[in-house]
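A short worksheet on the structure shown next.
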Amino acid sequence: MVFFQVSWFTAALIGMFSFACMALILKKLTYWLPTPIILLYLFTFTSALYLILGIKRGSQLGISWQALGLLALASVFAFIGNLADIEALKLAPNPGYASAVKAGQILVITFAALLLFPEQKLSVQGMCGVLLVFFGVVMLSLQR
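Under numbering that gives the first Met the number 0, the first residue of the sequence shown is numbered 0, with each subsequent residue one higher.
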């Protein structure tokens, strides 16, 4: 079931704005709390909201062993990535810089998707957009 009844681009804009607000709040929290505590509470509250949403929609909470294995692997990456993300927000001269560097994941995702999901497409226009993001990340990294 689709949560947002909008286009993928509109959903991406909603996600972008939400993650931007979250990044600013997390940056503020780094002045008061250690990173693991921030993430513990963030994911506790978020998990409760997802549970409520799943129950409200009547979703089956049971999953296959294959899905469980992939979720466990994704959780390892989420654990590492979220710890690193909060530390980067804390240490960066501007939280936007850390978020921009993180946006460099577009390169990994775009090219890995071509290998992992053969039905995926990449247009010349899409490739140019990916390269622009990459060069923007390089420019930010030169500032330090």
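Quick reminder that beta carbons are idealized off the backbone N, C-alpha and C, glycines included.
Note that this is a predicted model, so its numbers are computed, not measured.
Look at the segment 29 to 105 and you find these whole runs of alpha helix (DSSP H), each 4 residues long or longer: 34 to 56, 64 to 90, 94 to 101.
Sixteen is the threshold: when 16 or more other Cβ atoms of the shown chains lie within 10 Å of the Cβ of Val136, as they do, the residue is buried. Counting the other Cβ atoms within 10 Å of the Cβ of Ala97 gives 16 or more, which makes it buried.
Counting the other Cβ atoms within 10 Å of the Cβ of Ala11 gives fewer than 16, which makes it exposed.
When Cβ pairs closer than 8 Å are counted between the two stretches, the segment 88 to 97 is seen not to touch the segment 119 to 127, the count staying below three. A contact between stretches requires three or more CB pairs, one per stretch, nearer than 8 Å, and the segment 23 to 36 meets this requirement with the segment 80 to 89. Annotation: the continuous alpha helix (DSSP H) that includes Ser140 extends over 123 to 142. Each residue's CA atom was taken as its position, placing Phe116 and Leu70 some 18 Å apart.
If you draw a straight line from the Cα of Ala66 to the Cα of Ser74, it comes to about 12 Å. Look at Ser17 here: in three-state DSSP terms it is helix. Distances from the CA of Ala77 to each of Leu39, Gln142, Lys26, Phe16 were compared; the closest alpha carbon is that of Leu39.
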